[in-house]
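Residue numbers (the numbering used here), protein chains in the order written: chain G, 1118 to 1690; chain D, 71 to 390.
Here the structure is laid out as structure tokens; the discussion comes afterwards.
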Amino acid sequence: MRIRLITPLALAAAAALVAVSGVASGAGSGPNVLPGKGKKGGTLNVQSAETFEHLDPGQSYFQIDYGVIYAVQRPLYSFKPNDPSHAAPDLAAALPKISSSGKTVTIRIRPNVHYSPPVDRAVTSADVKYAIERGFSAVAPSGYAYAYFGDIVGVPKAPTKKVPSISGIQTPNKTTIVFKLKRNFGATLAKALSLPLSVPVPKEYAKQYDAHTPSTYDSDPTKQAFTGPYVISKYSASSGVTLQRNPNWKASTDFRPAYADTIVWKTGGDPAVVGKQVLASKNGLMMDTPSAQLIKSTYQRHRDQITFAPLGSRYVALNTQKGLTKNVNIRKAIIAVTDKVGMNLTRGGSLQGVPGTHFLTPGQPGFAQAGGNKGFGLDYMNTPNGSLKIAQKYMRKAGYPSGRYTGNDELTIVGSKEDPWPATATVFIAGLRKLGFKVALSQVPHSTMYSKFCGVPKQAPNICPSVGWLPDFPDGYANLFVPFDGQAITAANNANWPLLNDPKVNAAVDKAAATANAAARNRAWAKVDRLVSEAAPAVPWQWSRDGLLQGTGVHGVIASWNADWDLAYSYLD
Amino acid sequence: MLAYIARRLLWVVVLLLVVSAVTFVIFYALPTADPAVLRAGKQPTPELVASIRHTLGLDKPIYAQYWIYMKKIVLHFDFGYSYQNSQPVARELFHRLPATISLTVGAVVVWLLAGIPVGVLSAVRPRSLLDRFAMGGSLVAISAPVYWLGLVGLFLFSKDIGKVHVFDGAGSYVGITENFGTWFGSLLLPWLVLAASFAAFYARLLRSNLREVLAEDYVRTARAKGLSERRVVLRHALRAAITPIVTILGLDIGILLGGAVLTETVFNIPGIGAYAYDGISNADLPVVQGTVLLATFFIVLANLVVDVLYAALDPRIRYS
Chain G
1118 MRIRLITPLA
1128 LAAAAALVAV
1138 SGVASGAGSG
1148 PNVLPGKGKK
1158 GGTLNVQSAE
1168 TFEHLDPGQS
1178 YFQIDYGVIY
1188 AVQRPLYSFK
1198 PNDPSHAAPD
1208 LAAALPKISS
1218 SGKTVTIRIR
1228 PNVHYSPPVD
1238 RAVTSADVKY
1248 AIERGFSAVA
1258 PSGYAYAYFG
1268 DIVGVPKAPT
1278 KKVPSISGIQ
1288 TPNKTTIVFK
1298 LKRNFGATLA
1308 KALSLPLSVP
1318 VPKEYAKQYD
1328 AHTPSTYDSD
1338 PTKQAFTGPY
1348 VISKYSASSG
1358 VTLQRNPNWK
1368 ASTDFRPAYA
1378 DTIVWKTGGD
1388 PAVVGKQVLA
1398 SKNGLMMDTP
1408 SAQLIKSTYQ
1418 RHRDQITFAP
1428 LGSRYVALNT
1438 QKGLTKNVNI
1448 RKAIIAVTDK
1458 VGMNLTRGGS
1468 LQGVPGTHFL
1478 TPGQPGFAQA
1488 GGNKGFGLDY
1498 MNTPNGSLKI
1508 AQKYMRKAGY
1518 PSGRYTGNDE
1528 LTIVGSKEDP
1538 WPATATVFIA
1548 GLRKLGFKVA
1558 LSQVPHSTMY
1568 SKFCGVPKQA
1578 PNICPSVGWL
1588 PDFPDGYANL
1598 FVPFDGQAIT
1608 AANNANWPLL
1618 NDPKVNAAVD
1628 KAAATANAAA
1638 RNRAWAKVDR
1648 LVSEAAPAVP
1658 WQWSRDGLLQ
1668 GTGVHGVIAS
1678 WNADWDLAYS
1688 YLD
Chain D
71 MLAYIARRLL
81 WVVVLLLVVS
91 AVTFVIFYAL
101 PTADPAVLRA
111 GKQPTPELVA
121 SIRHTLGLDK
131 PIYAQYWIYM
141 KKIVLHFDFG
151 YSYQNSQPVA
161 RELFHRLPAT
171 ISLTVGAVVV
181 WLLAGIPVGV
191 LSAVRPRSLL
201 DRFAMGGSLV
211 AISAPVYWLG
221 LVGLFLFSKD
231 IGKVHVFDGA
241 GSYVGITENF
251 GTWFGSLLLP
261 WLVLAASFAA
271 FYARLLRSNL
281 REVLAEDYVR
291 TARAKGLSER
301 RVVLRHALRA
311 AITPIVTILG
321 LDIGILLGGA
331 VLTETVFNIP
341 GIGAYAYDGI
351 SNADLPVVQG
361 TVLLATFFIV
371 LANLVVDVLY
381 AALDPRIRYS
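This is the structure in structure tokens:
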């Protein structure tokens, strides 16, 4: 999926997920059907050019996988298609109780959710505890366990060979689970419980699969114990899955309508062909993105068969710790001079994104408090076509009276050589040349760009023009912590590409992460966003949108938090 | 002959060892991306990366890694697990092999049925309208990339997205044992597309060889003896002219059995080529290693078969 090209972790075969929500201005919108409004029955045919990675909820960390996981399993919390800002209790019976210290989170789970055959019994809190513990083992390693669950008391320093017992996850009775944390992080942990790691796994049943490393609970997902409206009845790593109704699922315990009787999901093939097949079909949905050309032609000719969903942001990272870009005024000048509209044109134009003015993306909690589309009114950020005049103002502040760079140093740039990134980089570099900068550009495979250069602080160039971010769940923490907090900088797989380590930003992130009240939390993340924008660590040239295709006889519903179709809500006409 | 075959089989083993070692060094010692880091996810601590490296066995010296890898293959036929989706590579290779064999065998039949007659006719009627048309057409077929030809074929002739609904579309492949009719229908267009450039190349090669052979003294002698032109061409000249074709055919079959990457990808045929493509795209080293070894095996085996066939085709060749 395109996610692979905008999130570094996806390249790690563990694509980060979960997108922003709401609809940015412009074409298309999600149908946002409410439960009970659709038509039951029939077979939904789903296609994706990409194949699945991990369908074990403990390991799953990829947008395509989430499409299946959220139809067959129930995490503690999940998002309704049209409400990405509020995580609704799913397996949980109510919203989490967070202690005043923020160090204890208590959750009650529903007593009447049952596993599919052959397990059949009711889900207990011990199953959720075991599920999260699996994520800290080599048996079923989770790509985000340490990022969001690492503050739980008793978490091992590194994944253990066998599934560990974590003392900070307590189950006083069958329907209560308590998380004890090392610091005031409960408000953020509560948000992360919408991730698939909180999907229950029955220990007594799964242990036969978890005896292997890697667990065969993943390699043969038909053997899983399912809690959602569907079960995986057929699976082939090469060709896809078939989902059928879960006989033990009770609609009265779930908010998902689960309209289709059967869902057949074929994987593989060329995206252009898959896209055309879906458009020509009566009951098809395409789960990944076709080419910009197909999106454009579909929008022009079959507007009722395309829906757009916000999909994070793309930006140019400016290294705040190295060479010329250490100077904040030079960074501001670069942001100001960049032709963001031109860069967007290399990626499908306004249909697929608009220039950003700050770093919280449309639909994210806190976006409105951060000024919405206009942002904070910072002059260098509000230059969609690039402004030489504003850029020169900041160049003068940086110590270059002519408004142009007059030194001999080069700006080192490492970008992706995969289309359309080279074209995007060309537009960006044209702006740098207007300011007199000399550039040394290297274009490498996308994965190499992250794993050898932009994601490794010691090897990082001045500028990484081919990066982007998609938050794992709709919250400021998932949106701003990893890309801009100095505490998130790591020696490998680093995703704070600007290497921004501003004490003011770091402190504001800690404060926002500890804020439980929704309105106060949104304001706190908006403040972080402002501080980040003032530090000018990147050029936010695109708030992205993904075009999703559907057949003529199907009513697709977008899970806006995942920027993809929601299979439990989509139905046949 | 038997001693020759035994000797060659031993070389097959040596060659497989060498290829496996080379690919191992290329992908393990010079990785474009560190598999441990790739799997480490968000904000990995050094301990986390080290733990994953240990789990994957990447913390051992490269010779030890290679030894363990080969031991597993030889003793247990275990090619390891995909980094991407934890599937056993050996199982995936076996699951996907029938699709690749189906695609290859069918395409070979098509290109031989098309290429040989066209080559012969062009050779016996040089500079005729038929010859010019066939050789011109073959040039186009050779020049057209299979990926492009596949897309054009689908957009024009497939039942789902084509302008004229003739062939089954991409992704319709099923196993031969599941439904023979659907299997055959789903592969018709891929066979034609894959065979196009091969048929064209074989026709041109055969035309050129046959033209040379037809000018040989023994062909003149055969004609002088009063044999019919049909007998001269098909029984005497063609046998000699086709020998180089057999060499190439063997290699081509070996290469395709190792995976027709582009054709399988365009037509969404779950074969070895599509698997290799996924492995390369995702830096999935066990998958790349497994598909490379399988391809090598098929190529060297095909080479051996060709060499043995040589003796049958050409009476001048005898192995000792």
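Glycine included, C-beta positions come from ideal geometry on N, C-alpha and C.
task = Please check if any C-beta of chain D sits within less than 7 Å of the C-beta of D1387(G).
result = Interface annotation, D1387(G): in contact with chain D, CB-CB separation under 7 Å.
query = Can the beta-carbon of S1284(G) be found less than 7 Å from the beta-carbon of V1295(G)?
reply = Between S1284(G) and V1295(G), the CB-CB gap reaches or exceeds 7 Å.
key: Validate contact between the stretch 1512-1530 of chain G and the stretch 1457-1475 of chain G using beta carbons, cut 8 Å, 3 pairs   = Short answer: they don't touch.
ask   = When DSSP labels each residue in this structure, what does L209(D) get in the three-state scheme?
value = Helix at L209(D).
N- and C-terminal bounds of the alpha helix (DSSP H) containing V1185(G) = That run of the alpha helix (DSSP H) goes 1180-1189.
inquiry  = Using beta carbons (cut-off 7 Å, strictly below), is A353(D) in contact with chain G?
reply    = Yes, A353(D) counts as interfacial toward chain G.
query = Looking at the C-beta of K1279(G), does it have a partner C-beta in chain D at a distance below 7 Å?
reply = Chain D contact via Cβ: absent.
task = Answer yes or no: does any C-beta atom of chain D fall closer than 7 Å to that of P1276(G)?
result = Against chain D, the CB of P1276(G) has a partner CB under 7 Å away; the residue lies at that interface.
ask   = Going by the CB atoms, is the gap between L1310(G) and Y1194(G) shorter than 7 Å?
value = The Cβ atoms of Y1194(G) and L1310(G) sit closer than 7 Å to each other.
ask   = What do you reckon, are the CB atoms on T335(D) and A344(D) nearer than 7 Å?
value = Yes. Within cutoff.
inquiry  = Quick check on DSSP: helix, strand or coil for E61(D)?
reply    = For residue 61(D) there is no data in the structure shown, the boundaries of chain D being 71 and 390.
inquiry  = Within 7 Å of any Cβ in chain D, is that where the Cβ of Q1394(G) sits?
reply    = Answer yes: the Cβ-Cβ gap between Q1394(G) and chain D drops below 7 Å somewhere.
task = Report yes or no: is there a C-beta of chain G within less than 7 Å of the C-beta of D22(D)?
result = In the structure displayed, chain D extends from 71 to 390; residue 22(D) sits before or after that span and is not available.
request  = Inspect the CB distances between the stretch 287-302 of chain D and the stretch 174-182 of chain D and report whether three or more fall short of 8 Å.
outcome  = As far as the Cβ criterion goes, the stretch 287-302 of chain D does not touch the stretch 174-182 of chain D, which means the pair count is below three.
query = By how many angstroms is the C-alpha of A1426(G) removed from the C-alpha of V1140(G)?
reply = Any reading at V1140(G) must be qualified, since the residue scores a pLDDT of 31, below 50, and its modelled position is unreliable; the value itself is stated next. Spanning the two alpha carbons is a distance of roughly 6 Å.
request  = Determine which residues share a DSSP beta bridge with Y151(D) and list them.
outcome  = Beta-bridge pairing links Y151(D) to P158(D).
inquiry  = Let's see if you can read the secondary structure: which residues bound the beta strand (DSSP E) around H1231(G)?
reply    = Premise fails: H1231(G) is in no beta strand (DSSP E) and is neither H nor E.
task = With a threshold of 16 other CB atoms inside 10 Å of the CB of K1383(G), please say whether the residue is buried or exposed.
result = The C-beta of K1383(G) has 16 or more other C-beta atoms within 10 Å across all chains shown, which makes the residue buried.
task = Check the Cβ-Cβ distances between P114(D) and every residue of chain G, and say whether any is below 7 Å.
result = At least one C-beta of chain G is nearer than 7 Å to the C-beta of P114(D).
ask   = Using a Cβ-Cβ cut-off of 7 Å (strictly less than) and excluding sequence neighbours within five positions of K1621(G), which residues of its own chain qualify?
value = L1648, listed in sequence order.
ask   = Does the beta-carbon of V236(D) have 16 or more other beta-carbons within 10 angstroms, so that it is buried, or is it exposed?
value = Per the 10 Å Cβ criterion, exposed.
key: Bounding residues of the alpha helix (DSSP H) (the contiguous stretch that carries Y1247(G))   = Per DSSP, Y1247(G) belongs to the alpha helix (DSSP H) from 1242-1251.
key: Helix, strand or coil at S1218(G) [DSSP, three-state]   = If DSSP states are grouped into helix, strand and coil, S1218(G) belongs with coil.
key: Whether N338(D) touches G1184(G) by CB criterion (7 Å)   = Between N338(D) and G1184(G), the C-beta gap is not smaller than 7 Å, which leaves the two residues out of contact.
task = Ignoring anything shorter than 4 residues or poking outside the stretch 1284-1338 of chain G, list the alpha helix (DSSP H) runs there in chain order.
result = Unbroken alpha helix (DSSP H) stretches of 4 residues or longer found wholly inside the stretch 1284-1338 of chain G: 1303-1309, 1320-1327, 1333-1336, given in chain order.
query = Do the stretch 1243-1256 of chain G and the stretch 1287-1304 of chain G meet, that is, are 3 or more Cβ pairs less than 8 Å apart?
reply = Yes, they touch.
inquiry  = Beta-carbon within less than 7 Å of L1505(G)'s beta-carbon, same chain only, minus the 5 sequence neighbours each way: which residues are those?
reply    = Setting aside the 5 residues that flank it on each side, L1505(G) is surrounded in the same chain by V1454, K1551, each with a C-beta closer than 7 Å to its C-beta; the list follows chain order.
message = Rounding to the nearest angstrom, what Cα-Cα distance links K1491(G) and V331(D) in this structure?
response = Pairing K1491(G) with V331(D), the inter-Cα distance amounts to about 48 Å.
query = Which class does M140(D) belong to by DSSP, given the choice of helix, strand or coil?
reply = M140(D) falls in the helix class under three-state DSSP.
key: Collapsed DSSP secondary structure at A1204(G) in the structure displayed   = DSSP places A1204(G) within a strand segment (E or B) once states are collapsed to three.
query = What is the rounded straight-line gap between the Cα of H1171(G) and the Cα of L226(D)?
reply = The straight-line gap separating the alpha-carbon atoms of H1171(G) and L226(D) is approximately 36 Å.
request  = Would you give the residue range spanned by the beta strand (DSSP E) that K1702(G) belongs to?
outcome  = Here chain G covers residues 1118 to 1690 and nothing more, so residue 1702(G) does not appear.
request  = Go through its chain and collect everything with a Cβ distance to W261(D)'s Cβ below 6 Å, but skip five positions before and after it.
outcome  = By the criterion of a C-beta distance shorter than 6 Å, W261(D) is surrounded in its chain by G176, A177, V180, once the five residues flanking it on both sides are discounted.
ask   = From R277(D) to I312(D), what distance separates their C-alpha atoms?
value = Between R277(D) and I312(D), the C-alpha separation is close to 10 Å.
With 16 other Cβ atoms within 10 Å as the buried cut-off, status of S1146(G) = With a pLDDT of 44 at S1146(G), under the threshold of 50, the predicted position of this residue should be treated as unreliable, though the coordinate-derived value follows. The residue is exposed, with fewer than 16 neighbouring Cβ atoms inside 10 Å.
Three CB pairs or more closer than 8 Å across the stretch 315-330 of chain D and the stretch 110-122 of chain D = No, the stretch 315-330 of chain D does not touch the stretch 110-122 of chain D.
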